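Numbering (the numbering used here), first residue to last: 10 to 315.
Even glycine gets a Cβ: it sits at the ideal position worked out from N, Cα and C.
Predicted model only: the values in this text are computed from it and were never measured.
Taking it in order: structure first as structure tokens, then the write-up.
Structure representation (structure tokens):
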């Protein structure tokens, strides 16, 4: 169990929760072994790296690269997770180390002459971390100006990077404004291998966008988001419009906030009062999409017990 340290903590205190193995290193080792074992046949590899999640921890050699680069205030563990003497250097080291192990995998694919025939996708599960564990995402401008962090349904919490590489299939350096979600990956891969996409998913294949082959790209009419913690939150993305409701656990009739992401990507100007028709559409979507949570404590729209 991680416990806060006092301001007079010693180096030994900060090192108390440092283990002998680092998760990214072990995952990379297993990844290399898997690719070598399966190099002569088609394979699928899902690799959920743990960096750069708090606690702030990285191999000593990675942290040393950044010591002295930033002004540092030790994190004593008072906001959860393990204490860290050099939080900024360690956070930077975690990002760099993730790049390093991804680079090892890309180099291996090239060594085995698989890189020309392997689709590699890189993404994230949520936006930059909230103010916990000593991470200073504001200092590093981790959201690029977007509002919110992880556990928010503003763009800083749910808009994430997505990179795809497949030489001779995906044009290098291309970007896309396609609005998609992680549940689009499964139907994309299904189309790629000629398999039937499960009927239980709301996802659409974005393979036409990746390949730029002229095939019509199916679009989402909207994306619906819920988050049960921090008093319950809902968001809907429909075209350029973004509706957000907060504090639904406390107020079931909380009003919509409305933003035009085309002109206001950072969600600074609430224009809900100017578009009552859109809010009515969002109310209809909310009633259609909300499903009662399987855990009563997570249910923030309906107080009835199961």
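Have a look at the options and flag the residue whose alpha-carbon is nearest the alpha-carbon of residue i.
| i | options | result |
| --- | --- | --- |
| residue 191 | 176, 213, 177 and 163 | 213 |
| residue 121 | 85, 49, 135 and 96 | 49 |
| residue 316 | 102, 133, 58 and 14 | Residue 316 lies beyond the residue range present for the chain, which begins at 10 and ends at 315; the question has no answer from this structure. |
| residue 107 | 117, 33 and 90 | 33 |
| residue 40 | 117, 310 and 18 | 117 |
| residue 24 | 222, 66 and 259 | 66 |
| residue 115 | 226, 45, 93 and 182 | 45 |
| residue 388 | 156, 227 and 258 | No statement about residue 388 is possible, as the shown extent of the chain runs from 10 to 315 and does not include it. |
| residue 323 | 128, 74 and 216 | The structure shown does not extend to residue 323, since the chain is modelled only from 10 to 315, so the question has no answer here. |
| residue 278 | 72, 156 and 77 | 156 |
| residue 103 | 123, 71, 90 and 119 | 71 |
| residue 303 | 284, 237, 166 and 274 | 237 |
| residue 74 | 119, 105, 222 and 94 | 105 |
| residue 57 | 253, 35, 299 and 26 | 35 |
| residue 273 | 289, 252 and 285 | 252 |
| residue 289 | 30, 247 and 311 | 247 |
| residue 243 | 77, 167, 76 and 26 | 167 |
| residue 202 | 51, 28 and 43 | 51 |
Which same chain residues, not among the five before or five after residue i, have their C-beta less than 7 Å away from its C-beta?
| i | result |
| --- | --- |
| residue 210 | 192, 195 and 196 |
| residue 294 | 231, 233 and 245 |
| residue 250 | 267, 269 and 287 |
| residue 218 | 185, 187 and 226 |
| residue 22 | 14 |
| residue 208 | none |
| residue 26 | 11 and 91 |
| residue 284 | 267 |
| residue 29 | none |
| residue 239 | 160 |
Could you name the residues of the same chain whose beta carbon sits closer than 8 Å to that of residue i, not counting the 5 residues immediately before and after it, in chain order?
| i | result |
| --- | --- |
| residue 5 | For the chain, the structure presents residues 10 to 315; residue 5 sits outside this window and is missing. |
| residue 314 | Unreliable positioning characterises residue 314 in this predicted model, as indicated by a pLDDT of 43, which lies under 50. A coordinate reading is not provided. |
| residue 62 | 138 |
| residue 170 | 131, 132 and 133 |
| residue 53 | 198 |
| residue 205 | 199 |
| residue 85 | 13, 14, 15, 16, 18 and 92 |
| residue 90 | 11, 63, 64, 65, 141, 142 and 143 |
| residue 215 | 187, 189, 193, 197 and 226 |
| residue 180 | 221 |
| residue 275 | 154, 155, 156 and 164 |
| residue 183 | 221 |
Let me know if residue i comes out buried or exposed under the rule of 16 or more other beta-carbons within 10 Å of its beta-carbon.
| i | result |
| --- | --- |
| residue 69 | exposed |
| residue 297 | exposed |
| residue 291 | buried |
| residue 271 | exposed |
| residue 64 | buried |
| residue 148 | exposed |
| residue 309 | buried |
| residue 255 | buried |
| residue 162 | buried |
| residue 37 | buried |
| residue 301 | exposed |
| residue 119 | exposed |
| residue 235 | buried |
| residue 159 | buried |
| residue 136 | buried |
Helix, strand or coil: how does DSSP classify residue i here?
| i | result |
| --- | --- |
| residue 236 | strand |
| residue 204 | coil |
| residue 243 | strand |
| residue 42 | helix |
| residue 132 | strand |
| residue 174 | strand |
| residue 47 | helix |
| residue 250 | strand |
| residue 31 | coil |
| residue 106 | helix |
| residue 266 | strand |
| residue 84 | strand |
| residue 12 | coil |
Cutting at 6 Å between CB atoms, please list the residues of its own chain near residue i, excluding the five before and the five after it.
| i | result |
| --- | --- |
| residue 280 | 267 |
| residue 172 | 131 |
| residue 94 | 23 and 83 |
| residue 60 | 33, 103 and 107 |
Indicate whether the contact test is met: 3 or more Cβ pairs, each with one atom in the region 145-162 and one in the region 111-125, closer than 8 Å.
No, the region 145-162 is not in contact with the region 111-125.
Pairs of beta-carbons, one from the region 134-145 and one from the region 252-266, closer than 8 Å: are there three or more?
The region 134-145 makes no contact with the region 252-266, as fewer than three CB pairs between them are under 8 Å.
Determine, using beta-carbon pairs with one atom in the region 75-84 and one in the region 92-110, whether at least three such pairs fall under 8 Å.
Under the 8 Å Cβ criterion, the region 75-84 counts as touching the region 92-110, having at least three qualifying pairs.
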